[in-house]
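For reference, the structure is listed below as structure tokens.
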Amino acid sequence: MNAPHPPSPLLVTAFNGLVAAYDRMNGSTAWTFPVPGKSVPGMRPRPTHVEVRDGRVFVFAGGSDGVLKKRVFLDVHVLDYESGRPLWTQRVAPAHAPNFTSASVLVEDGQVIVAYQDVLVAFAADSGRPQWTRSSEHGDGGSYSLQLQMGIHGARARVVT
Numbered sequence: 287m288n289a290p291h292p293p294s295p296l297l298v299t300a301f302n303g304l305v306a307a308y309d310r311m312n313g314s315t316a317w318t319f320p321v322p323g324k325s326v327p328g329m330r331p332r333p334t335h336v337e338v339r340d341g342r343v344f345v346f347a348g349g350s351d352g353v354l355k356k357r358v359f360l361d362v363h364v365l366d367y368e369s370g371r372p373l374w375t376q377r378v379a380p381a382h383a384p385n386f387t388s389a390s391v392l393v394e395d396g397q398v399i400v401a402y403q404d405v406l407v408a409f410a411a412d413s414g415r416p417q418w419t420r421s422s423e424h425g426d427g428g429s430y431s432l433q434l435q436m437g438i439h440g441a442r443a444r445v446v447t
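Here it is as structure tokens:
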């Protein structure tokens, strides 16, 4: 049986490339984190998802770089829960990703697992150290938006769109 979690002093929200934390007792802003970089071309709002675990805020945000040939990717930012201070960042960027479709993310047991396009990658939750990367047996979804469902005992992935 799981031990009850202590009450969380902050409410953390994410939308359109901005993460904000609010004091749950009085509603005041505790901190904000503007996701660095450019948004995904043609997508409004910017895909941004947040997960709070073990004193950390895991931010998953779609982004792009390049001028004539845009390349899209998913950035993983990990912040300190109380201060919003960035702890580490990793980028998941498939070799060929002209459009942002969606991603599936799972944060569990000290691991961050991301499925994006045809890539599966795992990072250590505490340091961001890559643990492994591989191609998905499911491919990239072709003309469909691949929303790979992932699960482990007691947890399942969330979709970032």
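Once you know that position 26 of the sequence shown is 312 in this note's numbering, the rest is easy, because the numbers rise by one and skip nothing.
Ideal placement from N, C-alpha and C gives every residue a C-beta, glycine not left out.
Contact under 8 angstroms by Cβ, residue i with residue j
i	j	result
residue 402	residue 389	yes
residue 300	residue 358	no
residue 360	residue 348	yes
residue 326	residue 350	yes
Through-space distance from residue j to residue i, alpha-carbon basis
i	j	result
residue 363	residue 379	14 angstroms
residue 317	residue 338	15 angstroms
residue 392	residue 344	10 angstroms
residue 419	residue 312	43 angstroms
residue 332	residue 322	12 angstroms
residue 400	residue 310	30 angstroms
residue 397	residue 407	10 angstroms
residue 367	residue 330	27 angstroms
residue 303	residue 340	23 angstroms
residue 376	residue 346	10 angstroms
residue 370	residue 324	20 angstroms
residue 298	residue 328	26 angstroms
residue 431	residue 404	With a pLDDT of 47 at residue 431, under the threshold of 50, the predicted position of this residue should be treated as unreliable, and no value is reported.
residue 413	residue 319	19 angstroms
residue 314	residue 394	30 angstroms
residue 307	residue 417	29 angstroms
residue 352	residue 296	36 angstroms
Presumed contact (8 angstroms Cβ cut-off) between residue i and residue j, rounded CB distance
i	j	result
residue 373	residue 342	7 angstroms
Opposing strand residues paired with residue i [DSSP bridges]
i	result
residue 411	Answer is none; residue 411 lacks a bridge partner.
residue 421	405
residue 324	350
residue 360	348, 378
residue 308	297, 315
residue 231	As displayed, the chain neither begins before 287 nor continues past 447, which places residue 231 out of reach and without an answer.
residue 368	DSSP lists no partner for residue 368.
residue 339	342
residue 331	The partner list for residue 331 (beta bridge, DSSP) is empty, contrary to what the question assumes.
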